[in-house]
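These notes are about the structure you will find just below.
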Amino acid sequence: MGSSPEPTFDRFVSAAASAFDAPIALLSLIHDDQQWFKAGRGLVIDCIPRDSGFCSFTLDRPDVLETDDPQGDPRFAQLPVVVGEPHVRYYIGAPLRRLSGIDVGALCVLDTKRRAPASVDQKAYLIGLARQASTALEARLDLLRKGAAA
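Just remember that my numbering sits 312 ahead of the position in the sequence shown, which is counted from 1.
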């Protein structure tokens, strides 16, 4: 959290944005009451309060969280990114799950335009990318632990 961007995570975000032909994609990590962004495309952001974003709603779900009308959904209608810049009108996110089963963040795609719900293939692809990103996070944690033990 709060560490420099890493190309490994940038690739997951780019792949997600491309798969949805969307202007914004993010990889978030949630800790306590903060949501940190490890990688992003289309939006420059480091950290926001956990309750100011969509991604905490994505945690502990078996698949994706999708809303094609955040303004009409009481969970999201007052989020800063919906009422203000960038005026998000679509969100889909898949949880980042550690091997222990704990969700620690989300890989998500956002759009500033309303759009139809994602196809079954798009949802499956996003879930697959999120699993790969979770594996990369586990590998990164292992490296940090080994470095701390040395």
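We put the beta carbon where it would ideally sit given N, CA and C, even for glycine.
These numbers were taken from a predicted model, which means no experiment stands behind them.
For residue i, the first and last residue of its enclosing alpha helix (DSSP H)
| i | result |
| --- | --- |
| F332 | 319 to 332 |
| P429 | Where P429 is concerned, there is no enclosing alpha helix (DSSP H), given that its DSSP letter is neither H nor E. |
Cut-off 6 Å between Cβ atoms - residues of its own chain near residue i, not counting five sequence neighbours on either side
| i | result |
| --- | --- |
| H399 | T424 |
| A406 | V376, L419, L438, I439, A442 |
| L422 | I336, V400, Y403 |
Span separating the alpha-carbon of residue i from that of residue j
| i | j | result |
| --- | --- | --- |
| S446 | P386 | 29 Å |
| H343 | T370 | 14 Å |
| R443 | D415 | 11 Å |
| S330 | L408 | 19 Å |
| G396 | G440 | 31 Å |
| E378 | D433 | 14 Å |
| P335 | V356 | 12 Å |
| D322 | R362 | 21 Å |
| R452 | G352 | 18 Å |
| F388 | F366 | 7 Å |
| G417 | P374 | 13 Å |
| R457 | D345 | 24 Å |
Cβ shell of residue i (< 7 Å), same chain only, five flanking positions each side left out
| i | result |
| --- | --- |
| L411 | E450 |
| R427 | D380, Y402 |
| S364 | L391, P392 |
Residue i, buried or exposed, once every other Cβ within 10 Å from all chains shown has been counted against 16
| i | result |
| --- | --- |
| K350 | buried |
| Q390 | exposed |
| L339 | buried |
| V393 | buried |
| S368 | buried |
Residue range of the beta strand (DSSP E) that includes residue i
| i | result |
| --- | --- |
| A404 | Looking at the sequence provided, one finds Ile at residue 404 rather than Ala. Its beta strand (DSSP E) spans residues 402 to 409. |
| G417 | 415 to 423 |
8 Å CB neighbourhood of residue i in its chain, flanking five on each side removed
| i | result |
| --- | --- |
| S326 | A337, R353 |
| A448 | T320, F321, F324 |
| Q383 | A389, V394, R401 |
Whole beta strand (DSSP E) elements within the region 338 to 399, 3-residue minimum: Unbroken beta strand (DSSP E) stretches of 3 residues or longer found wholly inside the region 338 to 399: 346 to 353, 359 to 361, 377 to 379, given in chain order.
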